[in-house]
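Since the structure comes first, as structure tokens, the remarks are kept for the end.
Numbering (this note's numbering), first residue to last: 9 to 221.
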């Protein structure tokens with residue numbers, strides 16, 4: 009009997025939007041990110057990510073800049089508020105209704121994301137997905153630092169995380185849509201595309217991929 013593992017991307021896959029961008033907009037609303045160019049810089053970095061050209065150190069410095077004086081507990085409280093008020097409304101209806109999971113109830117599921125881990129971890133908890141993997145930031149004096157525990161998840165750390173998870177399972181299904189996740193598709197037994205990047209759509213005709221929109 010096979011033991012399946014279901015691996016999901018988060019942004020533009022389980023939700024219609026980018027959770028990291030929503031989080032940063034929330035920080036601006038709260039007055040925690042007051043730099044006039046903050047959101048423009050975020051859009052620039054996200055464009056580089058989509059193109060597969062994002063520098064990890066630059067991203068991490070940006071991602072933690074507004075949290076410099078916040079404790080881990082304060083960040084968690086802010087994150088809960090953001091997810092409840094801004095993110096859950098972006099989750100695709102099929103996900104919220106759990107209709108997508110009727111055939112995989114009780115199976116192991118994990119969200120693997122290229123953003124700081126506390127965001128997908130909080131979303132996963134809300135969706136009753138027990139496992140989430142992202143960029144693990146080390147804490148110093150009760151606050152998040154730019155130091156990473158292990159390998160950053162972008163661009164190749166997600167592959168390492170995926171391989172670590174798949175060793176305990178003999179059947180893997182991946183549900184993603186980003187061009188940055190192309191190596192993950194090659195590792196999955198049955199990859200599925202959700203709102204796929206055009207370069208992935210072009211390859212789906214010659215690969216055993218199922219496009220789900």
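Each residue gets a CB set at the ideal place from its N, CA and C atoms; glycine is no exception.
Source: prediction; values computed, not measured.
- Counted within 10 angstroms of its Cβ, other Cβ atoms place residue 55 as buried (16 or more) or exposed: If you number the chain shown from 1, residue 55 lands on position 47. Exposed: under 16 other Cβ atoms inside 10 Å.
- Message: Quick check on residue 128: buried or exposed, where buried means 16 or more other Cβ atoms within 10 Å of its Cβ?
- Response: Residue numbering aside, residue 128 sits at position 120 when the chain shown is read from its first letter. Flag for residue 128 reads buried.
- Query: Helix, strand or coil for residue 30 per DSSP?
  - Reply: Along the chain shown, one-based indexing puts residue 30 at 22. Three-state result, residue 30: helix.
- Item | Segment limits, beta strand (DSSP E) that includes residue 103 | For the purposes of this step, residue 103 is identified with residue 95 of the chain shown, where counting begins at 1. Note, residue 103: premise wrong, no beta strand (DSSP E); alpha helix (DSSP H) at 101-104.
- The beta strand (DSSP E) enclosing residue 12, as first and last residue numbers: Here residue 12 corresponds to residue number 4 of the chain shown, with the count starting at 1. Looking at the DSSP string, the run of the beta strand (DSSP E) that includes residue 12 is 12-16.
- Nearest-angstrom Cβ-Cβ length linking residue 137 and residue 117, presumed shorter than 8 Å: Here residue 137 refers to the residue found at position 129 of the chain shown. Here residue 117 refers to the residue found at position 109 of the chain shown. Indeed, because the Cβ distance is near 5 Å, the residues count as touching under 8 Å.
- Item | DSSP bridge partner residues for residue 152 (one or two, in chain order) | Counting from 1 along the chain shown, the entry for residue 152 is found at position 144. Bridge partners of residue 152: 147.
- Query: Is DSSP giving residue 139 helix, strand or coil here?
  - Reply: Residue mapping note: residue 139 aligns to position 131 of the chain shown, counting from 1. It is a strand residue.
- Query: Are the segment 71-90 and the segment 149-158 in contact at 8 Å, needing three or more beta carbon pairs?
  - Reply: yes
- Task: With distances taken Cα to Cα, identify the nearest neighbour of residue 50 among 38, 60, 31, 39.
- Result: The count along the chain shown starts at 1 and reaches residue 50 at position 42. That would be 31, whose Cα lies nearest to the Cα of residue 50.
- Query: From residue 77 to residue 93, what distance separates their C-alpha atoms?
  - Reply: Residue 77 sits at position 69 when you count from the first residue of the chain shown. Residue 93 sits at position 85 when you count from the first residue of the chain shown. Across the structure, residue 77 and residue 93 are spaced so that their CA atoms are roughly 23 Å apart.
- Would DSSP call residue 66 helix, strand or coil? Your numbering for residue 66 matches position 58 in the chain shown. Helix, per DSSP.
- Query: Assuming residue 53 and residue 67 make a contact with CB atoms under 8 Å, what is their CB distance in whole Å?
  - Reply: Here residue 53 is taken as the residue at index 45 of the chain shown, counted from 1. Here residue 67 is taken as the residue at index 59 of the chain shown, counted from 1. Sure, about 6 Å apart at Cβ, within 8 Å.
- Which of helix, strand or coil does DSSP assign to residue 55? Within the chain shown, residue 55 is the residue found at index 47, counting from 1. Residue state, collapsed to three classes: helix.
- State the Cα-Cα distance for the pair residue 102 and residue 144, rounded to the nearest angstrom. On the chain shown, position 94 is the one that residue 102 refers to. On the chain shown, position 136 is the one that residue 144 refers to. Between residue 102 and residue 144, the C-alpha separation is close to 29 Å.
- Task: Tell me whether the beta-carbon of residue 14 lies closer than 8 Å to the beta-carbon of residue 105.
- Result: Translated into positions along the chain shown, residue 14 becomes position 6. Translated into positions along the chain shown, residue 105 becomes position 97. It is not a contact, given that the beta carbons lie outside the stated cut-off.
- Identify which residue in 132, 141, 139 has its Cα closest to the Cα of residue 22. Numbered from 1 along the chain shown, position 14 holds the residue referred to as residue 22. Closest option to residue 22, Cα to Cα, is 132.
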